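> Under this note's numbering, the first residue of the sequence shown carries the number 45, and numbering increases by one thereafter.
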Amino acid sequence: MDNRPIGVFDSGLGGLTGVRELRKRLPSENIVYFGDTGRVPYGSRSPETILQYARQDIAFLLSQNVKCIMAACGTVSSIYPAAEAEALPVPFLGVVAAAAREAAFLTRSRRIGVIGTAATIRSRSYETLLRRLVPGAEIATQACPLFVPLVEAGYVDGSAPEHQQITRLVIEQYLAGIREAGVDTLILGCTHYPLIKGMIGEYMGPQVALVDPGQAAAHHLEQLLGEKGLRASRPEGQAHYYVSDTPDSFAQTADLFLGEYRGGKVEQIAIDKY
């Protein structure tokens, strides 16, 4: 047993979809979440800048005595070097590997779609993993840079009809080629995207399985903690949230991502110190 917290980070608040899954699956665990709201988005940055930010984010979480780290950011998971991850003093898990394994399990036609930030798609990380896991796979990819600002503005499943109409138009614009490719599985390669999963599913059709990276990573982390004997023994865990910009709007936006698992302290930190 290990009562140290789980560390989770993302470029903004999208990674809270992963926190929601962790709190559902592992209710006894404490979670420390860092959202780099002062420097969001990562997806349009250079690989060098993203790597610098990721190292600072990880250094902060390590300062909080975490027992493992989950990179809920698809962009970071695509770029952070495996050798560097293996050298960390605690286990490290990115959403890319977890989502790719889930897609490999679900696909029947070997036609898989991947959507994500520009940096994630440019890195070809999903393609590399999927071709290893699914020999002969046909992979269609598409960067969707407008999805993150739409989600953070609240233009999500269940929002006002006029908001959903805008999001649906953008979905159609981005995903037309993916749908035409005849994929049977689509990886939502950014933790913001599950908040528009319903609208994406409507456009793609019921025959297409949608892979939620935060959900897949939380499932994998649950298994990892069990295998390594790192599960907590307390009756109920708590979440503590940190951001790099003002926390004033955190509560309203966080509710969108966390749903019934809302709650916990929110603090602003100076991430440049790490």
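C-beta: ideal position from N, C-alpha, C; glycine also. Predicted, not measured: the structure shown is a model, and the values here were computed from it.
With a threshold of 8 angstroms on Cβ separation, who are the neighbours of ALA163 within its own chain once the five nearest residues in sequence on each side are excluded?
Locating residue 163 in the sequence shown gives position 119, counting from the first residue. The answer, listed in chain order, is TYR86, GLY87, SER88, ARG89, PRO91, ILE94, THR119, SER122 and ILE123.
> On a Cα-Cα basis, can you pick out the residue from GLY270, SER55 and GLN217 that is closest to PRO135?
Taking the first residue of the sequence shown as 1, we reach residue 135 at position 91. With distances taken between Cα atoms, PRO135 lies closest to GLY270.
> Could you give the uninterrupted runs of the beta strand (DSSP E) lying entirely in the segment 122–164, keeping only those of 3 residues or more?
Whole beta strand (DSSP E) segments, 3+ residues: 136–138 and 155–160.
> Should LYS111 go down as buried or exposed, given a rule of 16 or more other Cβ atoms within 10 Å for buried?
Here the question's residue 111 lines up with position 67 in the sequence shown. Classification of LYS111: buried, given that the 10 Å Cβ count is 16 or more.
> Starting from HIS284 and walking both ways along the beta strand (DSSP E), at which residues does that stretch end?
Counting from 1 along the sequence shown, the entry for residue 284 is found at position 240. Note, HIS284: beta strand (DSSP E), 283–287.
> Quick one: does the C-beta of HIS263 sit closer than 7 angstroms to a heavy atom of the ligand ATP?
Within the structure as shown, the ligand ATP is missing, as the structure has no ligands at all.
> Report yes or no: do the segment 223–233 and the segment 145–152 share at least 3 C-beta pairs separated by less than 8 angstroms?
Yes, the segment 223–233 touches the segment 145–152.
> Using 8 angstroms as the threshold, is the segment 255–262 in touch with the segment 73–87, meaning 3 or more CB pairs across them?
No, they do not touch.
> Under the rule that 16 or more other beta-carbon atoms within 10 Å means buried, what is MET320, buried or exposed?
Here the chain has residues from 45 to 318 only, and residue 320 is not among them.
> How would you label SER107, buried or exposed, when you count the other beta carbons within 10 angstroms and need 16 or more for buried?
Counting from one through the sequence shown, the residue named residue 107 turns up at place 63. Classification for SER107: exposed.
> Report yes if the C-beta distance between ARG69 and GLY303 is below 8 angstroms; otherwise report no.
Translated into positions along the sequence shown, residue 69 becomes position 25. Translated into positions along the sequence shown, residue 303 becomes position 259. Contact: no.
> Ordered along the chain, which non-local residues of its own chain (more than five positions away) have a Cβ less than 8 angstroms from that of SER55?
Walking along the sequence shown from the start, residue 55 turns up at place 11. Closer than 8 angstroms at the Cβ level, and outside the excluded window around SER55, lie GLY79, ASP80, ARG83, VAL84, PRO85, TYR86, GLY87, TYR97, CYS117, THR119 and VAL120.
> In angstroms with no decimal places, state the Cα-to-Cα distance between PRO205 and ILE244.
Counting from 1 along the sequence shown, the entry for residue 205 is found at position 161. Counting from 1 along the sequence shown, the entry for residue 244 is found at position 200. Going by the C-alpha atoms only, they are around 15 angstroms apart.
> Starting from the N-terminal side, write out each stretch of the beta strand (DSSP E) that is 3 residues or longer and does not extend beyond the segment 54–116.
DSSP runs (the beta strand (DSSP E)) wholly in the segment 54–116: 75–79 and 112–115.
> Of all the options ALA260, GLN296, LEU239 and VAL287, which has the alpha carbon lying nearest to the alpha carbon of ASP201?
Numbered from its first residue, the sequence shown carries residue 201 at position 157. The option with the nearest alpha carbon to ASP201 is LEU239.
> Quick one: residues in its chain with C-beta nearer than 6 angstroms to the C-beta of SER288, no 5 flanking neighbours on either side, listed in chain order?
Taking the first residue of the sequence shown as 1, we reach residue 288 at position 244. Only ASP80, THR81, GLY82 and ILE315 meet the Cβ criterion.
> If you measure between the beta carbons of LEU173 and VAL140, is that distance less than 8 angstroms?
Locating residue 173 in the sequence shown gives position 129, where the first residue counts as 1. Locating residue 140 in the sequence shown gives position 96, where the first residue counts as 1. A contact, by the Cβ cut-off of 8 angstroms.
> Taking LEU66 as the reference, which of THR290, TYR286 and GLN267 has the closest Cα?
In the sequence shown, the residue the question calls residue 66 occupies position 22. Of the candidates THR290, TYR286 and GLN267, the one whose C-alpha sits nearest the C-alpha of LEU66 is GLN267.
> Would you call THR290 buried or exposed, if buried means 16 or more other Cβ atoms sit within 10 Å of its Cβ?
The sequence position of residue 290 within the sequence shown is 246, counting from 1. THR290 should be labelled exposed.
> How many Å lie between GLY259 and VAL158 at the Cα?
Here residue 259 corresponds to residue number 215 of the sequence shown, with the count starting at 1. Here residue 158 corresponds to residue number 114 of the sequence shown, with the count starting at 1. The amino acid occupying residue 259 in the given sequence is Gln; Gly does not appear at that position. Those two C-alpha atoms are separated by around 16 angstroms.
> In whole angstroms, give me the CA-to-CA distance for VAL249 and ALA262.
By 1-based counting over the sequence shown, the position of residue 249 is 205. By 1-based counting over the sequence shown, the position of residue 262 is 218. The sequence given here has Gly at residue 249, not Val. Rounded to the nearest angstrom, the two C-alpha atoms are 26 angstroms apart.
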